[in-house]
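So the structure is just underneath, and the comments pick up after that.
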Amino acid sequence: MRKRIFLSLILSFTLISCTSNDEDIQNVVENKDIMPTKIFKPIMGPDENDPFKSNSDLYYFYDELLTYNNGGNLIKVERSYKPDLFPVYLDLNRNGNTVTVEYKSNDSDGFKLKNTVIYTLNNIGKAVEKYIPVVGPNSFAVRKYYYEYSADGRLYKIKLKYPNYTSNSHLDELERIDVFIYSGNNLKKIISQSVKEYDTNSNSRTEIDFLDYDNARNPFKRLGLLESYFYRSLSENNYRQINYTSFDANNNVIGFSEQKWDFFYDQNNNLILSYD
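Mapping to my numbering: the sequence shown position 63 is 321, numbers consecutive.
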């Protein structure tokens, strides 16, 4: 993966998943979604928000081991450094239409773990709300994301709000709206606009372009609850480039970055995700 960054952008989005009811199980059979059980991380590159990142450039040379339930829903992600498992794993606990995602550890020494994230799903297994709780003096940073879908079931808007905001809160933004645009069966662009101060009209925005799609099947459709695969879960095929462009209120470009991937494919034109 080649990555050139001129602007640091942190965008948080809610994620899409599927329920484990009978309808969902039938969809797994009919759609024949690829459900990878192992992903060699260097193929996809490191996660920007990895809570277990070390100072070493080699920290992401590991396998992700993915476990699903009988309904085809992701329930656990482990990290494997051959021949051992990393003691921290990602647990996706499903209870009705609620999915609680949290990092857990089997190590007695403990780790500083990432905040719990709670998703509420609709009756067809798509996220309608994402809640990130924060306790203590920074409780003003509690976030809620609300999702809207078009008539054909595509995600087209996410609204971010801070329900505990007060005039004394120290936030870079007060709320944000992300609009999703598609071309054919693939995600083409996200336009993200934040409100910095109430009673003001800010036209500054960030645009994210998804480019250079292959014609291979998408193996990430059922991994939408993992932040690093959220964008990928929304398309039929696999993008190999993202461009991030920031504009000021006068439509001048004030920041740009790009990210590229060099994927390899097997004889059946499936994206290679692991080498053993």
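A virtual CB, placed ideally from N, CA and C, is assigned to each residue, including glycine.
inquiry  = Runs of 3 residues minimum, wholly inside the segment 392 to 472: which ones carry the beta strand (DSSP E) assignment?
reply    = 401 to 407, 413 to 419, 433 to 441, 444 to 453 and 463 to 469
Limits of the unbroken alpha helix (DSSP H) element including Pro345 = Here the question's residue 345 lines up with position 87 in the sequence shown. No alpha helix (DSSP H) contains Pro345, which is instead part of the beta strand (DSSP E) from Asp342 to Asn353.
request  = Taking Lys419 as the reference, give the member of Lys388, Phe438 and Asn380 with the closest Cα.
outcome  = Mapped onto the sequence shown, residue 419 falls at position 161. Of the candidates Lys388, Phe438 and Asn380, the one whose C-alpha sits nearest the C-alpha of Lys419 is Lys388.
ask   = Going by alpha carbons, who is nearest to Leu343 out of Asn495, Gly513, Pro395 and Leu324?
value = Walking along the sequence shown from the start, residue 343 turns up at place 85. Considering only alpha carbons, the answer is Leu324.
message = Could you tell me the alpha carbon to alpha carbon distance between Met302 and Tyr347, rounded to whole angstroms?
response = Here residue 302 refers to the residue found at position 44 of the sequence shown. Here residue 347 refers to the residue found at position 89 of the sequence shown. Cα to Cα, Met302 sits roughly 19 Å from Tyr347.
key: Sequence-distant residues of the same chain with beta carbon closer than 6 Å to Ser427, five excluded per side   = Taking the first residue of the sequence shown as position 1, residue 427 is located at position 169. Scanning its chain for C-beta atoms nearer than 6 Å, with the 5 sequence neighbours on each side dropped, one finds around Ser427 the residues Phe398, in chain order.
request  = Within its chain, find whatever has a CB closer than 8 Å to the CB of Arg498; leave out the 5 residues flanking it on each side and keep chain order.
outcome  = Taking the sequence shown and counting its residues from 1, the one referred to as residue 498 is at position 240. Excluding sequence neighbours, Arg498 sits near Leu469, Asp470, Tyr471, Asp472, Lys518, Trp519, Asp520 and Phe521.
request  = Enumerate in chain order the residues of its own chain whose CB-to-CB distance from Ser532 is below 7 Å, with the five nearest sequence positions on each side excluded.
outcome  = Translated into the one-based positions of the sequence shown, residue 532 becomes position 274. These residues qualify, in order along the chain: Lys296, Ile297, Phe298 and Asp321.
inquiry  = So for Ser504, helix, strand or coil by DSSP?
reply    = Here the question's residue 504 lines up with position 246 in the sequence shown. In this structure, Ser504 counts as strand in the three-state DSSP scheme.
query = Does DSSP put Glu485 in a helix, a strand or coil?
reply = Indexing the sequence shown from 1 puts residue 485 at position 227. The answer is helix: DSSP assigns Glu485 an H, G or I state.
query = Looking at C-alpha atoms only, which residue of Pro294, Phe319, Asn444 and Gly513 is the closest neighbour of Asn341?
reply = As a first step, residue 341 must be located in the sequence shown, where it is residue number 83. Just to set this straight, residue 341 is Pro in the shown sequence, not Asn. Minimum Cα distance to Pro341 is reached at Phe319.
key: Length of the line joining the Cα atoms of Arg352 and Thr378   = Start at 1 with the first residue of the sequence shown, and residue 352 comes out as number 94. Start at 1 with the first residue of the sequence shown, and residue 378 comes out as number 120. So the alpha carbons of these two residues sit roughly 10 Å apart.
message = Val359 and Leu481 - do their beta-carbons sit closer together than 7 Å?
response = Numbered from its first residue, the sequence shown carries residue 481 at position 223. Numbered from its first residue, the sequence shown carries residue 359 at position 101. It is not a contact, given that the beta carbons lie outside the stated cut-off.
request  = Report the three-state DSSP secondary structure of Lys290 (helix, strand or coil).
outcome  = Along the sequence shown, one-based indexing puts residue 290 at 32. In the three-state reduction of the DSSP assignment, Lys290 falls in the coil class.
Cα-Cα separation, Tyr523 to Leu529 = Position 265 of the sequence shown holds residue 523. Position 271 of the sequence shown holds residue 529. Looking at the two C-alpha atoms, the distance is approximately 5 Å.
ask   = CA-CA distance, Arg337 and Gly411?
value = The residue given as residue 337 occupies position 79 in the sequence shown. The residue given as residue 411 occupies position 153 in the sequence shown. Approximately 33 Å, taken between the alpha carbons.
query = Considering only residues of the same chain and omitting the five flanking positions on each side of Asn506, which have a CB-CB separation below 6 Å?
reply = Along the sequence shown, read from residue 1 onward, the residue named residue 506 stands at position 248. The sequence as given places Asp at residue 506; Asn does not occur at that position. Taken in chain order, the residues that qualify are Ser462 and Ile512.
key: Reduced DSSP secondary structure (H/G/I, E/B, other) of Lys299   = For the purposes of this step, residue 299 is identified with residue 41 of the sequence shown, where counting begins at 1. In this structure, Lys299 counts as helix in the three-state DSSP scheme.
request  = Look up Phe319 in the DSSP assignment and give the residues it is bridged to.
outcome  = What you label residue 319 is simply residue 61 of the sequence shown in a count that begins at 1. Looking at the DSSP output, Phe319 sits in no beta bridge, so it has no partner there.
query = So Arg337 is in the beta strand (DSSP E); what residue range does that whole segment cover?
reply = Working through the sequence shown from its first residue, we reach residue 337 at position 79. Leu332 to Tyr339 is the extent of the beta strand (DSSP E) around Arg337.
Residue(s) in a DSSP beta bridge with Ala385 = In the sequence shown, residue 385 corresponds to position 127, counting from 1. By DSSP's assignment, Ala385 forms a beta bridge with Leu379.
query = Going by beta carbon distance, what residues of the same chain come within less than 7 Å of Asn422, once the five residues before and after it are set aside?
reply = In the sequence shown, counting from the first residue as 1, residue 422 sits at position 164. Cβ neighbours of Asn422 beyond the five flanking positions: Ser397, Phe398 and Val400.
Tyr405 versus Ile382: straight-line alpha-carbon distance, rounded = Walking along the sequence shown from the start, residue 405 turns up at place 147. Walking along the sequence shown from the start, residue 382 turns up at place 124. Going by the C-alpha atoms only, they are around 14 Å apart.
request  = Check whether the Cβ atoms of Ser493 and Asn476 sit closer than 7 Å, and answer yes or no.
outcome  = To locate residue 493, count along the sequence shown from 1; it is residue 235. To locate residue 476, count along the sequence shown from 1; it is residue 218. Contact flag set, yes.
inquiry  = If you reduce the DSSP assignment to three classes, tell me which class Ser532 lands in.
reply    = For the purposes of this step, residue 532 is identified with residue 274 of the sequence shown, where counting begins at 1. The answer is coil: DSSP assigns Ser532 none of H, G, I, E or B.
request  = Confirm, please, whether the CB-CB distance from Ile448 to Ile466 is below 7 Å.
outcome  = Along the sequence shown, read from residue 1 onward, the residue named residue 466 stands at position 208. Along the sequence shown, read from residue 1 onward, the residue named residue 448 stands at position 190. Cβ atoms of Ile466 and Ile448: closer than 7 Å.
key: Alpha-carbon spacing of Lys454 relative to Glu431, whole angstroms   = Indexing the sequence shown from 1 puts residue 454 at position 196. Indexing the sequence shown from 1 puts residue 431 at position 173. Going from the Cα of Lys454 to the Cα of Glu431 covers about 5 Å.
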